[in-house]
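Residue numbers (the working numbering), protein chains in the order written: chain A, 32 to 290; chain B, 5 to 253. Take a look at the structure set out below.
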Ligand SMILES: Nc1ncnc2c1ncn2[C@@H]1O[C@H](COP(=O)(O)OP(=O)(O)O)[C@@H](O)[C@H]1O
Ligand SMILES: [Mg+2]
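Written out as structure tokens, the structure is:
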């Protein structure tokens, strides 16, 4: 058996399948709401306010915000999937059945992470596809866009694993969503270009990882961006690796998981 | 190769301190022969669940060795865990799955191929009278039915050794007797059994060999007959009273 075959063995595929089954089974909670929310953004910011903002960096406003809006849904979808799935499994202890199985901690972390990645991608692509008729225009670099989207989804999915494990109560999970992820996403340049900000805020934006992700997605879609996309992609890949290391650690050493 | 004289379970000097400083296992050594029906008896808090959890890495022991049919439970955990079935003390069924899926997915986690998993699931659903509930979500079941799913789940990957952690706590009399009958049958078929209980009648009924655990230490071990003779007792209950020093309740 090769290394790849044993890493992606039946045990791993079963857990990944379970993760997919879970979000598909509760699709009215996992797939529909983010689509609706994003459409509201498109309507409110794009259609209603777009008449006043017209263009950013020479791109119609709705076109300018769509990649970022899709990426925001992708981020929340990926993060919510793993954080709630892992949290529930831990709270009701059915994660024990997985922890005592012949799977390695890395396999468990990866199966959860890829499940969330897939949900993020489905939601993100969904928003993008539904928004495109309103926004017009296509994708300049589809491969770069898919690569960025996948890496970003993977990162936040892995982060969700960590949060799901370390959270002692469900409010810890929602706190992370409302107080960390949402604000960072909102301030990540989805609705404006960083150039439009006063210098202090612009500097602060440079410390927001989501800013780079939105920027890379925008470049890949529209060729309009604040920074060079390739160093950005490198940063995003590094963040993904870091987040996965965290998820792996969580399965191995996370509090109250393996006592 | 696994030879007949390799013990099903060999635990040596197992120590476990929880993060709050509580020493739950204080150097436990234990050997369970292949094919044995072994009872681990002790009052609540003695360390029975901790011992089981330590073998499958749900608890992290400080030190000690564990071998399962000759495979190191930590260095060769994949091989070791594949041979172990666990029916935990507390119910822990995946609420997103149906009864049938609980078994099929569990088998998948243990690497059992799909066709085999379906066959085994079918047999076990029938065996535990769960056929008409196969499509029900586990969260909708009664307590007794959840227990049955837990037993079936522990068996679906065909373990060589089964850990039954207080299997009949809170179970009605009928299910208790049916379960006793079934585990005896599995044991006759060659499956090694490690049963933890603080219910002495259960141990008397089922186990050939018994270890008494108290305060994280093995206080006595031997066949039922030897222990009775050694402690001049008529039954397991008297042995227990002499060793542990007080009644279970
Ligand atoms: N996660 C934990 N953290 C701290 N102490 C624990 C934990 N789990 C069990 N204990 C303690 O360890 C001791 C042994 O518990 P346990 O193995 O569950 O006993 P038994 O199964 O024999 O009733 C008890 O004193 C119990 O309170
Ligand atoms: Mg116990």
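From the three backbone atoms N, C-alpha and C, an ideal C-beta is built for every residue, glycine too. What you are looking at is a predicted structure, and each value in this text was computed from that prediction instead of being measured.
6 angstroms Cβ shell around residue i - same chain, five flanking residues per side excluded
i: residue 84 of chain B; result: 72, 75 and 77
i: residue 122 of chain A; result: none
i: residue 275 of chain A; result: 189
i: residue 224 of chain B; result: 216 and 247
i: residue 253 of chain A; result: 90
i: residue 273 of chain A; result: none
i: residue 120 of chain A; result: 126
i: residue 248 of chain A; result: 98, 102 and 179
i: residue 69 of chain B; result: 16
i: residue 30 of chain B; result: 220 and 221
i: residue 186 of chain A; result: 270, 271 and 274
Beta-bridge partners of residue i, as assigned by DSSP
i: residue 88 of chain B; result: B/165
i: residue 45 of chain B; result: B/201 and B/216
i: residue 118 of chain B; result: BP columns for residue 118 of chain B are empty, so no partner.
i: residue 23 of chain A; result: Nothing about residue 23 of chain A can be reported from this structure: the residues present for chain A run from 32 to 290 only.
i: residue 225 of chain B; result: B/215
i: residue 16 of chain B; result: B/69
i: residue 263 of chain A; result: The partner list for residue 263 of chain A (beta bridge, DSSP) is empty, contrary to what the question assumes.
i: residue 21 of chain B; result: B/27
i: residue 76 of chain B; result: B/71
i: residue 32 of chain B; result: B/18
i: residue 86 of chain A; result: A/91
i: residue 192 of chain B; result: According to DSSP, residue 192 of chain B bridges with nothing at all.
i: residue 308 of chain B; result: This structure does not reach residue 308 of chain B, given that chain B is present from 5 up to 253, and the question cannot be answered.
Buried versus exposed, by CB contacts within 10 Å (16 or more), residue i
i: residue 282 of chain A; result: buried
i: residue 234 of chain A; result: exposed
i: residue 72 of chain A; result: buried
i: residue 160 of chain A; result: exposed
i: residue 120 of chain B; result: exposed
i: residue 60 of chain A; result: exposed
i: residue 139 of chain B; result: exposed
i: residue 51 of chain B; result: buried
i: residue 169 of chain A; result: exposed
i: residue 191 of chain A; result: buried
i: residue 43 of chain A; result: buried
i: residue 148 of chain B; result: exposed
i: residue 65 of chain A; result: buried
i: residue 253 of chain B; result: Low per-residue confidence applies at residue 253 of chain B: pLDDT is 45, beneath 50, and the placement is therefore not dependable, though the value from the model is reported in the following sentence. Result: exposed.
i: residue 238 of chain A; result: exposed
i: residue 108 of chain B; result: buried
i: residue 49 of chain A; result: buried
i: residue 57 of chain A; result: exposed
i: residue 206 of chain A; result: exposed
Close Cβ partners of residue i (< 7 angstroms) along its chain, the five nearest in sequence each way excluded
i: residue 76 of chain A; result: 96 and 222
i: residue 53 of chain A; result: 116
i: residue 6 of chain B; result: Below a pLDDT of 50, predicted positions are generally treated as unreliable, and residue 6 of chain B, at 49, falls in that range; no measurement from the model is reported.
i: residue 158 of chain B; result: 89, 90, 91 and 166
i: residue 244 of chain B; result: 45, 204 and 216
i: residue 184 of chain B; result: 209 and 210
i: residue 48 of chain B; result: 202
Distance between beta carbons of residue j and residue i, contact taken as under 8 angstroms
i: residue 108 of chain A; j: residue 151 of chain A; result: 4 angstroms
i: residue 101 of chain A; j: residue 278 of chain A; result: Actually they do not touch by this definition, with Cβ atoms about 24 angstroms apart.
i: residue 128 of chain A; j: residue 113 of chain B; result: 7 angstroms
i: residue 94 of chain B; j: residue 124 of chain A; result: 7 angstroms
i: residue 212 of chain A; j: residue 106 of chain A; result: 7 angstroms
i: residue 40 of chain B; j: residue 196 of chain B; result: 6 angstroms
i: residue 128 of chain B; j: residue 160 of chain B; result: 6 angstroms
i: residue 41 of chain A; j: residue 117 of chain B; result: 7 angstroms
i: residue 112 of chain A; j: residue 146 of chain A; result: 6 angstroms
Beta-carbon proximity list for residue i, same chain, < 8 angstroms, skipping 5 on both sides
i: residue 21 of chain B; result: 27, 28 and 66
i: residue 130 of chain A; result: 139, 282, 288 and 289
i: residue 85 of chain A; result: 91 and 92
i: residue 169 of chain B; result: 52, 53, 56, 90, 91, 92, 93 and 200
Which residues are close to ligand 1, meaning CB closer than 6 angstroms to any heavy atom, in chain order? Chain-ordered list of matching residues: A/290, B/22, B/24, B/26, B/28, B/46, B/48, B/49, B/50, B/51, B/52, B/53 and B/54.
For the region 98-113 of chain B, enumerate the residues whose C-beta is nearer than 7 angstroms to any C-beta of chain E, in chain order. The chain labelled as chain E is not found among the protein chains of the depicted structure, namely A and B.
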